[in-house]
Each structure stands twice: as structure tokens, then as C-alpha cells.
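Read the structure below first, then the notes.
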Amino acid sequence: MNRGLLLRFENLLQLRGACRQLRALSSRKVCGAQWKPVQLSAHPVGSLLLHPQLWPKDRLISAALSQCRHLATKEETKKKKKKIPLTRGEVEIRQKMTVEELAQAMGKDIDHIYEALLYTDINLDSVEPDSILHEDHIKMIVQKSGMKYKSAKLKEEKERKNTDAVKRQVVNDPAVLTPRPPVVTILGHVDHGKTTLLDSLRKTQVASMEAGGITQHIGAFIVHMPSGEKITFLDTPGHAAFSAMRARGTNVTDIVILVVAAEDGVMQQTIESIQHAKNAGVPLILAINKCDKPEADPERVKKELLAYDVVCEEFGGDVQAVNISALKGENLMVLTEATVALAEMLELKADATGLVEGTIIESRKDKGKGPLTTAIIQRGTLRKGCVLVAGKTWAKVRFLFDENGKAVDAASPGIPVEIMGWKESPSAGDEILEVESEQRAQEVVAWRTYGEQQEKMKKDLEVIEAKQKEHRMEYEKKQQKLAHLTWRQRKAVLYKANKHLMFSRPKERTEMDEDTLSLIVKGDVDGSVEAILNILDSYDCEDECKLDIVYFGMGDISENDISLAEAFNGVIFGFSVKANESIKKLADKKGIKIKLHNIIYKLIEDLKDELNSRLPPTVVETTIGEASVLDTFSVTVGKNKIPVAGCRVHKGLLDRKKKFKLIRNRDVIWKGCLSSLKHHKDDVQVIKTGMDCGLSLDKNLEFNIGDEIICYEEKEVQQTTSWDPGF
């Protein structure tokens, strides 16, 4: 009996030891799904515990050891995995770090970052491992974790190689330089005779006028002197073009002819013209116009100009003064001779060899020829086949035309020429440079486009940084009101404030009008969002299309944003944020537009396009022809008398298929279609200018002599918003 008690006591001790081992193993941090009891071949551990008679010593030990082997294998596998290094001391941070990157830099897991973000205003529902954190939030997380931070050194971006085209070096070799015609611009006050003077000078070079009395010219022309000299006159008398050239640093003009009316004297634009010439460093020639009038007083004009440092030769100065009459053509030859004399004193010469350099005077588009530019060649000789660059476009010269529209083979320095072959229209004042090949031209254009984008991005960044600082101060003031609340209480307050937006039923929501644009705005940092919102605050076209900002915040595009956009039929605009593939697929499935931009002005341009699409098209009436009622009579058709108007078309044509309106005493008294249109006794579809016709309306309406019949057509034109965001 004592032996049996001893055996039972021994078994109890063995059971107690096994239980201690199992308890120690289960206390480790192992997931329940990973820890599974290993079944023995004969009896599982569960059966051993239920049946004490099956408690042999070797099997109990075997069961415990097999559990140890199983869990030890799991621990070894974990050790083999890459450990996250624990950072002690300083954490190297940089701008636009993601949650995952910050966790790696700190040697923490992502959950630690999420816990630290509870102390911020960030919506954790929208935070993903690849979400970008604001610099202030990064610093706060590091400090909350008991660490110090230091800013990482910015990696220097690989500078893009400058592939722009530049001017050649100035050559002062007298053997290379040849005389060139002077380039003259005519300036002066309005109605003092600038255009008349240009027309008179041009007529001296045209033997016969073209049909209709219109002479074809290209913005610049050449006057040939009897002695063989040439003078190039620019047909750009306005101040704007001259100032634009001066602002771009291109002194195309050699001499300025200042036109002053003898009876009016010095006026406001006369003073502006003098200032333009002084700023450009260009000498003046004074042309006192309208000297044929009785009230003309040239001497008074010369004296008035003394106050503006324009001293004529008779007063001891160096400004030549010529009395002319542009309308009658008097003394024009004297004016041109004075110009030639001044040009000889200036010794104007240029290099006619090498790559071409020039300046664009004007630019236009021709339906048949495409973009055309008028240019003054300054160096080199322009020929067909030359590859040119101007602004952000380029050309391979196909044809060259002179001021009379005749094709020419070449253009030397100082000669105006019209160039055909541009890919796009450059701007007036742009510098023309010849390059070696088409590939080189494309490189130059690409570099200039890149440079312009970089400059705009730099300006946008300055605006954003200023707004960030301003918004951060305002935000901190607002947060002080909620500082005494926990993060859960803050979320509850925000939730209650926006509850009415989130839980409105579809049936209860009124359908959004077509002229309403709902926006969800997301940005990488609050300063970016604030800058966008400030621009949207300037929207003042509510009568055209209402702008409703449903939600704005920071972080990448999330499912919550998609749900909001679907509920409000809105569009999501993101600035410097991302939308992963699953979000994009969800948006495509629900028909939600996501527009992502990294440049603020492009985002606003895209927004304006979206506003334009919401505006209803407007109907525009285009007049096709006009006719006058010369006589009235009636025609009997069956038992009815139908009024008929005898008309003559004096503009355009009358097309029976189009719409018509009847105007009497400037009032429209009828709109509709014609029931008949006849020329003599024949039914016709179209009546052209100068032809007589008889017509009747689809309404029994009496005509009066002198009534106007207007033929027009209606076209739907897409409206554009009048909102001007300021850039």
C-alpha cells in the first residue's frame, strides 16, 4: 500500500513539473495561430491530462520537449529575419518623410508612429505607411519618443546640362564687317500723322497699287534712295511693341523719328516717346508734321521740346528738325536724307557671315502658310533651309518673302523679311538664333521650356512657404481652444461639427445642380492646402457656377475622399499627394475624377477647365446676310393673300435653309424661317450680294418699305469662366 502511495506521489510530481513547463511556454509572446500543441503518435497531450493512468514518465517528458523544439524553431526563424536597428541619440530627418521612412530612421515599428500621431490633428484613417508627414509633425514624434533630431543634408540634384543657344562673340574685324541699312522706328502722339507718314513713305516705293487700293506689306519695308542707300522702316509705330523690345534687351532700332504736329505741339505720348528713345539710347530726328496748315507753328514745337532735353541744331543741339507734310508728301525726301546722314555718322555695320541672328518684329498665322513672322536680320545671311530658334519654338525655313510678298532667296543684315516654316508662332521681340540641325533646335526648345517651368515652380514655392507660416500661426491659435481635450474628445468635436455632411441620405439630398462644382482638396502639408484655399477664396463668379468645397485636408487620397466625392458628385484635387492603384481603380469604378498636380498654377488651370465644363453652352447668332425691303406686294395662293417683300441683298447672302429675322425701326418684330425665296420667277436657295429677290415669311406678317431682313445662324459656344485667380 505504501508502494502504491509512493507511485501516485511520484506521478503527481511529474504532472506538476509538466504543467510548469507548459505554463512557461504559453506565457511567451507567441500568437495563438502560430502556437499549436504537437500531437504524439500514440496519445495526444489532451488525452494524457484526462486519463491519469496514461502518465508514463518518458511520454510526458517527450511531449514537453517536442513543444520546446517547435517553439524554438519559430524563435530561430524570427532571429534570421532582419532586425530593425534601434536608434539611440539623434534621428536624421528630412522634409517629406513617409511614416515608414520615419519608423526606420527611429528604429521603431509603424505602430509607434501611429501612437505618436494621436497627439496631432492628422486624421489617422487617412494615414498609410507611404503617407508624407509634415516637418513639424516629424519633429514632434521624435521628441515624444525621447530622442533628438537633426536635419539631413540635402542631396544635390544632378544639374541638367544647359543646352541653350547663345549669340556668337562680337567680331570687330573690319574685313568681315559690311555696311547695313539703318532700322528706323516712327513714334509720336496719336493723330499726329505717324501712320500717314508711313503710308506716304511706302507709296514712294510702290509703282502700282494692288486691287482694291490695298498694298501688301509685312510690318517693315525698305526705302531706296536715289543715291543707292537703303532705309528700313518698321511698321510698328505703337509704343507697346517698342517697349517690349527694349524690355527684352534687343535694340533693333537704330534711329527714332519723332513726329509732332505743328498745330498741337508736345503732347503726353510725345513725352513718352522721348523717354522710350532715351532709355534705349537711340538718337532722334524731329519731324514736324502738318506744316501745310495755317495754324502750324514749328518754332513753338522746337521751343517746347527744349524742356525735355530735345535740342534742335538751330539752338546748338544735335537733333535734326525737318518740316514736313505727310499727307501731301512734302519734304519726305529731305527727311530720308537726314536719316541717311545720321546713319553715316553712326557707321552702322554688321557681319554677314556665319550663323544668323535677328529679332522678330511681328508674328501672325496664315491659313494657307501657317505661322509667319516678320524679322530683322542682324548678323549672318538668312537662306532657305536654315534652322532657327526663337523663344520656345523653332523653324526650318521653307520660304522667305519681302515686303511686297515676293519670294526671295536670302536676307542680309538690316533687311526685313517674312519667314515661313515655324512649328508654332513665337512672340514679337523674341531673339532669332540659327542652330546647326533640327535635333539641336529641339534641344534648345526643351531646355527653355524646362527653365520656364523651374522658374514658375520657384515662385510657387515662395508663395506656399509664406502661406505655410501664416497658416501655422492661425492653426495654433485654433488648437489652443481644444488643448484641454484629449485626442478622442477633439475627434468627437470635429465629428459633431461635420456630422450633417456625412449622414445625409441620398433621397434627402437635393440633386446637385449642373452649375455647381463640389471639390475635395487634399495637400501634402497644411500650408499647401491653405494656399489653394486662399486662391479659391478669390472666386467671385457664383452667378456662373457655384463652387462648393466639401472637404479639405492633408495626406494621400483615401477611400473616405472617394466616398465624399461620390456623395456630393464632386471632383478630387490633390497637390503633391498620391493615389495608390486600389484607390484609382475604386475611383474609376464609381466614376470619380482624381486630378493630381505638383505645380499650383496647373492645378488652378485644371480647375478652371472643370468650371468651364459645368457652364451651359451659350447660343451665338452669326449674321450671314442683310437685305433691305424696297417694295411690298401680295400674292394670292388659293383663297389666301400672302405678303411678299421685294428685297435687295447689300451684304453677305440669304440662305433659305437658315433662320431669318425682321427688323423695323431697330426692333426685332419677327424671327423664323422663309416660306419662299425667289429670284424673278424661279425658286432659289441662295441670293448673293447685289441681287434682287422676293421672299415671304412663315407667318402672315405685313412688310413696310425700309424694313431690314437679316439672315443668321445659331451656334452653341462653350462658355468660359470669367474668374481671374491672379496668375
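First residue of the sequence shown? That's 1 in UniProt numbering, and the numbers climb one at a time after it.
Just so it is clear, CB atoms sit at the ideal spot from N, CA and C, and this is done for glycine as well.
Classify residue 681 as buried or exposed, calling it buried when 16 or more other Cβ atoms lie within 10 Å of its own Cβ. Around the beta carbon of residue 681, fewer than 16 other beta carbons sit within 10 angstroms, so the residue counts as exposed.
Evaluate residue 169 with the Cβ neighbour count: other Cβ atoms within 10 Å of its Cβ, from every protein chain shown; 16 or more gives buried, anything less gives exposed. Exposed: under 16 other Cβ atoms inside 10 Å.
Can you tell me which residues form a DSSP beta bridge with residue 621? Answer is 714, bridged to residue 621.
Under 8 Å, with one C-beta from each stretch per pair, do the region 666 to 678 and the region 624 to 631 reach the 3-pair mark? Counting Cβ pairs under 8 Å, fewer than three are found: no touch.
Could you check the C-alpha separation between residue 259 and residue 306 for me, to the nearest Å? Take the alpha-carbon of residue 259 and the one of residue 306: they are about 15 Å apart.
Residue 543 versus residue 605 - alpha carbon distance: Rounded to the nearest angstrom, the two C-alpha atoms are 20 Å apart.
Pairs of beta-carbons, one from the region 193 to 201 and one from the region 160 to 168, closer than 8 Å: are there three or more? No: fewer than three Cβ pairs fall under 8 Å.
Distance between residue 675 and residue 637 (C-alpha atoms, nearest Å): Cα to Cα, residue 637 sits roughly 12 Å from residue 675.
Tell me, please, which residues DSSP counts as bridged to residue 447. None; residue 447 has no bridge partner.
CB of residue 716 within 7 Å of CB of residue 658, strictly: With respect to residue 658, residue 716 sits apart: the two C-beta atoms are not nearer than 7 Å.
Considering only their Cβ atoms, is the gap separating residue 262 from residue 288 smaller than 7 Å? In contact: residue 288 and residue 262 (Cβ atoms closer than 7 Å).
Going by the DSSP bridge assignment, what does residue 179 pair with across the sheet? According to DSSP, residue pairing for residue 179 in a beta bridge involves 349.
Check whether the Cβ atoms of residue 654 and residue 711 lie closer than 7 Å to each other. Yes, the Cβ-Cβ distance between residue 654 and residue 711 is below 7 Å.
Of the choices 294, 297, 253 and 299, whose alpha-carbon is the least far from that of residue 277? Among 294, 297, 253 and 299, the Cα nearest to that of residue 277 is on 253.
Between the region 89 to 100 and the region 135 to 152, are three or more C-beta pairs nearer than 8 Å? These segments touch.
What does DSSP give as the partner residue(s) for residue 308 in the beta ladder? Answer by DSSP bridge pairing: none, since residue 308 is not bridged.
Rounded to whole angstroms, what is the Cα-Cα separation between residue 423 and residue 394? For residue 423 and residue 394, the distance between alpha carbons rounds to 6 Å.
Tell me the rounded alpha-carbon separation between residue 308 and residue 603. One C-alpha to the other measures close to 49 Å.
Whole runs of the beta strand (DSSP E) within the region 548 to 575, excluding any shorter than 3 residues: Runs of the beta strand (DSSP E) lying entirely within the region 548 to 575, each at least 3 residues long, are 571 to 575 in chain order.
Just reading off the alpha helix (DSSP H) that residue 261 is part of, what are its end residues? Segment 255 to 261 is the beta strand (DSSP E) holding residue 261; no alpha helix (DSSP H) there.
Indicate the three-state DSSP secondary structure (helix, strand or coil) for residue 56 in the structure shown. Unreliable positioning characterises residue 56 in this predicted model, as indicated by a pLDDT of 46, which lies under 50. A coordinate reading is not provided.
Looking only at its chain, what residues have a beta carbon closer than 6 Å to the beta carbon of residue 692, apart from the 5 residues adjacent to it on each side? Taken in chain order, the residues that qualify are 648.
Buried or exposed: where does residue 398 fall if 16 or more other Cβ atoms within 10 Å of its Cβ makes it buried? By the 10 Å Cβ count, residue 398 comes out exposed.
With a threshold of 16 other CB atoms inside 10 Å of the CB of residue 574, please say whether the residue is buried or exposed. In summary, residue 574 is buried, with 16 or more beta-carbon neighbours lying within 10 Å of its beta-carbon over all protein chains present.
For the pair the region 367 to 386 and the region 426 to 435, tell me if three or more CB-CB distances fall below 8 Å. Between the region 367 to 386 and the region 426 to 435, the count of C-beta pairs closer than 8 Å reaches three or more; the two stretches touch.
Tell me whether residue 570 is buried or exposed, calling it buried when 16 or more other Cβ atoms sit within 10 Å of its Cβ. Buried, since its Cβ has 16 or more Cβ neighbours within 10 Å.
For residue 437, I'd like the list of residues in its chain whose CB is within less than 7 Å of its CB, leaving aside the five on either flank, ordered along the chain. Apart from the 5 residues on each side of it in sequence, residue 437 sits with its Cβ closer than 7 Å to the Cβ of 387 in its chain, given in chain order.
Which partner residues does residue 641 have in the DSSP bridge list? According to DSSP, which records beta bridges pairwise, residue 641 is partnered with 636.
Once DSSP output is grouped into helix, strand and coil, what is the label at residue 397? Residue 397 falls in the strand class under three-state DSSP.
Out of 295, 332, 342 and 105, which one is the CA nearest neighbour of residue 313? Between residue 313 and the set 295, 332, 342 and 105, the nearest pair of CA atoms involves 342.
For residue 647, the residue or residues it bridges with in DSSP: Under DSSP, residue 647 forms a beta bridge with 629 and 693.
Please state the DSSP three-state secondary structure of residue 736. Outside the displayed span of the chain (1 to 727) sits residue 736, for which this structure offers no information.
Hey, how far is the Cα of residue 182 from the Cα of residue 273? Our two residues, residue 182 and residue 273, have alpha carbons roughly 19 Å apart in a direct line.
Can you tell me the Cβ-Cβ gap for residue 184 and residue 255, rounded? I've got them flagged as a contact below 8 Å. About 5 Å separates the two Cβ atoms, so the contact holds.
What does the alpha-carbon distance come out to for the pair residue 203 and residue 329? Rounded to the nearest angstrom, the two C-alpha atoms are 10 Å apart.
Sequence-distant residues of its chain with Cβ nearer than 7 Å to residue 531 (five each side left out): Scanning its chain for C-beta atoms nearer than 7 Å, with the 5 sequence neighbours on each side dropped, one finds around residue 531 the residues 463, 464, 467 and 600, in chain order.
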